[in-house]
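The sequence shown begins at -8 in our numbering and counts up one residue at a time.
Beta carbons are placed, not taken as given, at the ideal position from N, Cα and C, and that holds for glycine.
Scroll down for the structure; my scribbles are underneath it.
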Amino acid sequence: METPWQRFFVPDTVCHSFAMMRLCLSMLLLSVAHGVHAQSFTSADSLRGMLTPMRTCFDVTHYELDIAIDPDQRSIAGSNTIHFTATADFDSLQIDLFDNLTIDSIVGQGRRLRFSRRHHAVSVTFPDGVKRQESTAFQIYYHGMPIAAKAAPWDGGFVWQKDANGKHHIGVACEGLGASVWWPTKDHLSDEPDSVKMHFTVPNGLMAVGNGQYVGRREQGPHTRWSWKVADPINNYNVTVNIGDYVHFSDWHVAGTDSLRLNYYVLRDNEQKAREHFKQVGPMLKIYEEAFGPYPFYADGYALIETSYAGMEHQSAIAYGNRYMKGYHGRFPSDMDFDYIIIHETGHEWWGNSVSMNDLADMWVHESFCTYAESVFVEAMYGYDRMVEYLLYQKHFITDRSPIVGVYGMNHKGNSTDMYYKGSWMLHTLRSVVNDDVRFKAMLKAIATEFRHSTVDGADIIAFVSTYLGSDLAPFFHQYLNHADLPVLEHRWAKGELQLKWNSPEKGFAMPMELSLGRDRAVRSAVHADRWVSIPVSKKELRHIQFWHHRFLFVDRKVGVE
-8 METPWQRFFV PDTVCHSFAM MRLCLSMLLL SVAHGVHAQS FTSADSLRGM LTPMRTCFDV
52 THYELDIAID PDQRSIAGSN TIHFTATADF DSLQIDLFDN LTIDSIVGQG RRLRFSRRHH
112 AVSVTFPDGV KRQESTAFQI YYHGMPIAAK AAPWDGGFVW QKDANGKHHI GVACEGLGAS
172 VWWPTKDHLS DEPDSVKMHF TVPNGLMAVG NGQYVGRREQ GPHTRWSWKV ADPINNYNVT
232 VNIGDYVHFS DWHVAGTDSL RLNYYVLRDN EQKAREHFKQ VGPMLKIYEE AFGPYPFYAD
292 GYALIETSYA GMEHQSAIAY GNRYMKGYHG RFPSDMDFDY IIIHETGHEW WGNSVSMNDL
352 ADMWVHESFC TYAESVFVEA MYGYDRMVEY LLYQKHFITD RSPIVGVYGM NHKGNSTDMY
412 YKGSWMLHTL RSVVNDDVRF KAMLKAIATE FRHSTVDGAD IIAFVSTYLG SDLAPFFHQY
472 LNHADLPVLE HRWAKGELQL KWNSPEKGFA MPMELSLGRD RAVRSAVHAD RWVSIPVSKK
532 ELRHIQFWHH RFLFVDRKVG VE
């Protein structure tokens, strides 16, 4: 008998349909164009990354997650109710849950539903079928021992730790790995639920903190059930739970007529240092709201929750584990005294949580803009020169080993370092290309406003920026995102002229360049990849030439002299 998987299953090594032939061809072209080794993908990758009809046939509107966590056994058990609206007629759909977790039953249409599993994907059959525009729900009951994180948040899963007093201190971080590592969900970034309710049952004496607003708690013998709700759209990997011997205190951020409650959940022994350390949150929010528009989640509040791992941008429930130190665990390029984790992870509330990617291949939308947001904060706090100093510090971490953009439809992200630092420098370079700070800063705010609470493709951002600035900037973005190597500024001196040309694999690439010729002369010139441009320069000036590497990201190379 044909199962739903037989209709949409992609073999590990064979492209056997027209759609898959197109996908394989695009992957091959991507590999050749980027000059990188071919990426090997499996059926598990395609089931997780592709938007097949079994995933596009329904739009999730609401999740209600209800689980009990047993810290001693490191296990979880409970259910998730998935509310959705059908976008097409169907009889089967796909949800996702890691296969080390056991599904006990799936209930919908007043009965138990048949299901089958392949890798981490679950096909659910609705015997009565579901009609387009029909709104309904089904419930998945499950249990098991979720994957324990090896190095959260980068190698994620559940984090089972104890605090200094021997009490359980538990969290979860699953960006990239996916929310289905611990709860059943439609684990594709393009479909964010409109709202979520969460109920976490834990042993008495521990607090379970979720995203959004606290709803209440109910004691159940030796356990307590803690309830939370999120009223705004949220991407799945941001849904979280934190468990510990927490103390809660709060403050307020006031912006015009809006008031935002700032909630802090910290381990009992750290309350006093946290009250002092978290005073930097208010000034930071003021800077970010000025730069990117209002905080995106006033309905859900803002929270920092102490974790045993470094940090994570969980929407309205930011994981904080920087030990109340400046920089990153006390390390920083200078005497700047802000906490990197607070500044970076809060930046994600705009870049990643509000403006969210459709596909993991476009993770630069989250990380490049958020990492650049750090420099926006530094400039507002310390001035332009310190901002440049901060960016030069970031520059040390650029690798240029592989493209920033990953492979679409395969749950594949690109260069996991360069999407931060090279992406930040790409935006800093764009600021220099625009050469109009008022216009550039207005553009950043316009992106955050236009795509607020939206999922986007990277192409959407590029098209918006091009339209906003009135220039086709696709070659500019593609140079930095789709190619590993930086553009090379070739230069030579001939007959009293400095000649410049870009060497770039990106067709149509052009970018202005600025340079100094001694103390008193600075030059800005349009430079192209298809022809030389000339600047009159004396031999004396040539000895003092300095290209402005502090404003543009590029490599310069002398190719000859007269």
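Cutoff 8 Å; reference residue i; Cβ partners in own chain excluding five residues on either side
| i | result |
| --- | --- |
| residue 428 | 422 |
| residue 269 | 242, 253, 255, 295 and 333 |
| residue 432 | 282 |
| residue 64 | 136 |
Short Cβ contact (7 Å threshold) for residue i with residue j
| i | j | result |
| --- | --- | --- |
| residue 282 | residue 298 | no |
| residue 490 | residue 523 | yes |
| residue 359 | residue 381 | no |
| residue 475 | residue 393 | yes |
| residue 234 | residue 161 | yes |
| residue 147 | residue 402 | no |
| residue 117 | residue 100 | yes |
| residue 128 | residue 143 | no |
| residue 232 | residue 199 | yes |
| residue 352 | residue 398 | yes |
| residue 346 | residue 449 | no |
| residue 411 | residue 389 | no |
| residue 154 | residue 258 | yes |
Residue i in three-state terms, based on DSSP
| i | result |
| --- | --- |
| residue 123 | coil |
| residue 221 | strand |
| residue 109 | strand |
| residue 338 | helix |
| residue 376 | helix |
| residue 412 | helix |
| residue 434 | helix |
| residue 95 | strand |
| residue 52 | strand |
| residue 197 | coil |
| residue 548 | strand |
| residue 449 | helix |
| residue 350 | coil |
| residue 232 | coil |
Residues near residue i in its chain [Cβ-Cβ closer than 6 Å; skip 5 each side]
| i | result |
| --- | --- |
| residue 208 | 215 and 217 |
| residue 418 | 363 |
| residue 121 | 77 and 81 |
| residue 406 | 393 and 395 |
| residue 59 | 68, 69 and 192 |
| residue 384 | 324 |
| residue 288 | 223 and 307 |
| residue 138 | 148 and 172 |
Contacts around residue i, its chain only, beta-carbon distance under 7 Å, and the 5 residues preceding and following it disregarded
| i | result |
| --- | --- |
| residue 171 | 87, 88, 89, 111 and 178 |
| residue 361 | 335, 338, 339, 342 and 343 |
| residue 547 | 480, 482 and 538 |
| residue 435 | 282 and 283 |
| residue 465 | 453 and 457 |
| residue 182 | 50 and 51 |
| residue 31 | none |
Integer Cβ distance of residue i from residue j, believed to fall under 8 Å
| i | j | result |
| --- | --- | --- |
| residue 515 | residue 503 | 6 Å |
| residue 70 | residue 132 | 5 Å |
| residue 185 | residue 213 | At roughly 35 Å, the Cβ-Cβ gap does not stay under 8 Å, so residue 185 and residue 213 are not in contact. |
| residue 236 | residue 349 | The pair is not a contact, with the Cβ atoms about 39 Å apart (cut-off 8 Å). |
| residue 189 | residue 92 | Going by Cβ atoms, the distance from residue 189 to residue 92 rounds to 17 Å, so no, they are not a contact pair. |
| residue 54 | residue 206 | Between residue 206 and residue 54 the Cβ distance is about 15 Å, and since that is not below 8 Å, they are no contact. |
| residue 470 | residue 441 | Rounded, the Cβ-Cβ distance is 24 Å, inconsistent with contact. |
| residue 305 | residue 313 | Going by Cβ atoms, the distance from residue 305 to residue 313 rounds to 15 Å, so no, they are not a contact pair. |
| residue 229 | residue 202 | 7 Å |
7 Å Cβ cutoff, residue i in contact with chain C
| i | result |
| --- | --- |
| residue 477 | Although the question refers to chain C, the structure presented lacks it and comprises just one protein chain. |
Distance cut-off 6 Å: residue i Cβ against heavy atoms of the ligand PLP
| i | result |
| --- | --- |
| residue 127 | As far as ligands go, the structure on display features none, and thus does not contain the ligand PLP. |
field: Segments of 3+ residues assigned as beta strand (DSSP E) that fall wholly inside the region 242 to 312
entry: Fully enclosed beta strand (DSSP E) runs of 3 or longer: 249 to 258, 293 to 297 and 309 to 311.
In chain order, what are the residue ranges of uninterrupted beta strand (DSSP E) at least 3 long that sit wholly in the region 117 to 195? Counting whole runs of 3 or more residues, the region 117 to 195 contains the beta strand (DSSP E) stretches 126 to 135, 148 to 153, 159 to 164 and 186 to 194.
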